[in-house]
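First the structure, in the form of structure tokens, and then the observations on it.
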Amino acid sequence: MTRALVWDIGNVLLNWSPDNLYRRLIPDDAAREAFYARLPLDEMNLAGDRDGDLQAKVEALAEAHPEDAPLILPWWAGWDRMCGGLIEDSVALRDRLRAAGVRTWALTNFAADSWERAIVHYPALAEFDGLIVSGREGTVKPEPAIYQRLETRSGIAPEDLFLIDDRPANIEAARARGWGGHIFENVDGLRPALAAEGFPI
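Using our numbering, read the sequence shown as starting at 12 and increasing by one per residue.
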């Protein structure tokens, strides 16, 4: 039986999407999609997830694209508004499992600076037996190194770890190491997957 659960944060425990902010800044759908398409925003965000300094990445992209700077800079200045709140059903399930004695870790792609902002607003995101934040580690999912760090720090064997993540590539990387995993869409789909693994749902 799997011995520990490993939770992703974004869109598993926390609703996060640039649209939560940019629908307000660019109300026209076509204009907003054009803004996303013409700039390497995903790459910028992932670079922050890797080295921890999202603010610097946002400012550098704004400097490189001054014509779009008024819309790029809110990615950091308005970062809190990209968060749409906790996914309450997921948090409640995690808390029930912890109360039942299930060891619970987090493994998240998150810049170190935005992580500090997140836990001020949502302290429940820090309530784990252990936590691996990519921006503190210099490596991101689905790279093998970040999974190995969780194995080492937790002292839990790969076959005793089960990852809950919304990105298939991250689950595939975990399974390649011998972990179990579930691609998260909603709590209704997660509960039977955990029950099948023997967790006390």
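Beta carbons: idealized from backbone N, C-alpha and C, even for Gly.
If you compare alpha carbons, which of the options is closest to residue i?
i    : options               : result
G146 : W90, Y158, E170, L57  : L57
S28  : F121, A117, M93, A45  : M93
G200 : D100, A122, P38, A111 : D100
Please report the straight-line C-alpha distance between residue i and residue j, rounded to a whole angstrom.
i    : j    : result
D171 : A156 : 18 Å
L84  : A135 : 28 Å
D140 : L205 : 19 Å
F52  : P77  : Note that residue 52 is Leu in the sequence shown, not Phe. Spanning the two alpha carbons is a distance of roughly 14 Å.
I80  : A73  : Note that residue 80 corresponds to Ala in the displayed sequence, not to Ile. Those two C-alpha atoms are separated by around 4 Å.
L118 : Q66  : 21 Å
V198 : D176 : 12 Å
R188 : R114 : 19 Å
G89  : L82  : 10 Å
A123 : V144 : 7 Å
W126 : L32  : 17 Å
Buried or exposed for residue i, please, with buried defined as at least 16 other CB atoms from any protein chain shown within 10 angstroms of its CB.
i    : result
M12  : Any answer about M12 is weak, because its pLDDT of 49 lies below 50 and its placement is not dependable; what the coordinates show is given next. So M12 counts as exposed.
H132 : exposed
E21  : Going by the sequence as given, residue 21 is Gly instead of Glu. Its Cβ being crowded by 16 or more others within 10 Å, G21 is buried.
In the DSSP assignment, find the beta strand (DSSP E) that holds residue i and state where it starts and stops.
i    : result
W27  : 25-27
G89  : Counting along the chain, G89 falls outside any beta strand (DSSP E), and DSSP gives it neither H nor E.
T150 : Element bounds for T150: n/a, residue is neither H nor E.
V17  : 15-18
Measure how close the beta-carbons of residue i and residue j come, nearest whole angstrom, since I'm counting them as under 8 Å.
i    : j   : result
G149 : R61 : 6 Å
Looking at the secondary structure, which residues open and close the alpha helix (DSSP H) in which residue i lies?
i    : result
G59  : 52-62
R178 : Unbroken run through R178: none, as it is neither H nor E.
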